[in-house]
Every structure is written in structure tokens, then in C-alpha cells.
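**Student:** I have a structure I would like to understand better, so I am pasting it below and will then ask my questions one at a time.
In this note's numbering, the protein residues as written are 655 to 913.
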């Protein structure tokens, strides 16, 4: 953004509920548009260990596909799995194909050196299954959050795939601190949510009253649904389900409101 352009979020206090170790780019985008970004993580993430996961990673070549539905899935998978084992130039056997859900997940995969083999235009399980083609008898690894929704696994199984749906990491709700509550009491203009788990983690009896007068922004339809189920009306949802698009949609909302 040019220094001469008006900053659409100037003076706005915007809450970021994303995990602290993933929030920096969103915080930077908000600040670039003039916002006071308030980091209030509703969740923290941590890797999981299991014999099932260890066995899957030890024999990764048995899979026809690896399905990655979040940037966390990419991060925690490649923390455990050397990229060389999936590189055709160095792998001793053919590698599984890689399917991703979402442009942010695709970008995270590219960051570790791989181009997705497929990505649906709609970021839902049924669209993913359709994008992957004939899955009859295919063996899939779906490494995901322990608390993740089962819609993707169910859609892939319904398409005829054998799915190893394995918890790779956990998303743990983090209670609000006294400092966070003090910031909320001081007033906020918007609260952003980037996953159903951020909704679950941030919404408590202590924080809920401060959402009444705030603009509520959700990254996509699944997060919007989670908020709706909690009785929260969503004001902003971008067409592309990324944090950058979420910030831009929020900026557009306030820009239009100011007219």
C-alpha cells in the first residue's frame, strides 16, 4: 500500500484470534492498513504422537494420495517427514500425489518444495473428492487436527477411497488473559476468526459480551457456520478463504461504512 493512499482501517482496533505462531502475517497486513492489531490467540497448536501416525509415516509410499487441509497439516507433517522422501528425484519409490484444500495450504506446500497435484475450487470435502477424480480403491492419508471436522474424511470415503484419518496435531483452546480482557473492555471495532477452533477457543462467558458491538469477520463458510451455531452474526466473509483476503474484506467493509 502506498504511503499516500488512505488507510481504510486507520484507528480501528481489530482482534486477531489466530494461534500466536501463525498470526504475524495477518497482524502485519492489518497494521499496513492502519489498524491497531490486538493479538488474542484463542488456540495453540501442538504435535501429537501415536503408533498409527508413526506407521503411516514409516511407509508413506503405500499411499496413493496425501490430503492436506490446512497450513498446520503441512507444517506438522514436514516437521516429521523429510521432503526428500516425497521428492521423485531422491525417493526410492513413486511418491503419493498431494491434494490440498485452500490457497494458503497450497502456498505452505510450495514453501517446502512441492506443487499440489490438485486443489478444488470450492474448499469443501465433496469438491475435493470430485477434484481428485476416481478414488475407487485408492489409499489416502489424511493427517489433520485431532479436533478437526470429519466432513472431508466422510466425503472421500463416500467416493470409494480407503482413508487413514490420523490425528497429526492438536488445537488446544487458550483462555483469555487478564490483559486481553482489559483490551476488550477498552473497546474493539472488529474480531476476526480464522477457523472453527478459534471460535471455540475465543468465545467464553468472559469474552462474549464484548462481541456485541464489534464487526465479526470469518475467513470462510465453515468458520461462519461455527459462529452462527454460537448465535454470532457474521458481518464479513471473503470470497477467497485466506487471511490476506479476510483483511482486505474487512478493510472494504469499513471503507464502505465510511461513505
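Backbone N, C-alpha and C define an ideal beta-carbon position, used for all residues, glycine too.
Terminal residues of the continuous beta strand (DSSP E) containing residue 749?
**Tutor:** Per DSSP, residue 749 belongs to no beta strand (DSSP E) and is neither H nor E.
**Student:** If you count every other CB in all the chains shown that lies within 10 Å of the CB of residue 912, and 16 or more means buried, which is it?
**Tutor:** Classification for residue 912: exposed.
**Student:** Looking at the unbroken alpha helix (DSSP H) that takes in residue 875, where does it start and where does it end?
**Tutor:** Residues 875-883.
**Student:** If you reduce the DSSP assignment to three classes, tell me which class residue 664 lands in.
**Tutor:** In this structure, residue 664 counts as coil in the three-state DSSP scheme.
**Student:** In whole angstroms, what is the alpha-carbon distance linking residue 731 and residue 797?
**Tutor:** So the alpha carbons of these two residues sit roughly 8 Å apart.
**Student:** Quick one: measure Cβ to Cβ for residue 801 and residue 851, integer angstroms, because I've assumed they're closer than 8 Å.
**Tutor:** Yes, they are in contact, since the Cβ atoms of residue 801 and residue 851 sit about 6 Å apart, within 8 Å.
**Student:** Terminal residues of the continuous beta strand (DSSP E) containing residue 690?
**Tutor:** Looking at the DSSP string, the run of the beta strand (DSSP E) that includes residue 690 is 690-693.
**Student:** Would you identify the three-state DSSP class for residue 863, choosing helix, strand or coil?
**Tutor:** In the structure shown, residue 863 sits in a helix (DSSP, three-state: H, G or I).
**Student:** Decide if residue 672 is buried, meaning its Cβ has at least 16 other Cβ atoms within 10 Å, or exposed.
**Tutor:** With 16 or more Cβ atoms within 10 Å of its Cβ, residue 672 is classed as buried.
**Student:** Start and end of the alpha helix (DSSP H) containing residue 733?
**Tutor:** Segment 725-734, the alpha helix (DSSP H) holding residue 733.
**Student:** In three-state DSSP terms, what is residue 789?
**Tutor:** Looking at residue 789 - three-state DSSP - the assignment turns out to be coil, as it is neither helix nor strand.
**Student:** Hey, out of 725, 739 and 862, whose CA is closest to residue 885's CA?
**Tutor:** That would be 862, whose Cα lies nearest to the Cα of residue 885.
**Student:** By how many angstroms is the C-alpha of residue 905 removed from the C-alpha of residue 663?
**Tutor:** If I take the Cα positions, the gap works out to 6 Å.
**Student:** Strictly by DSSP, which residues pair up with residue 827?
**Tutor:** According to DSSP, residue 827 bridges with 697.
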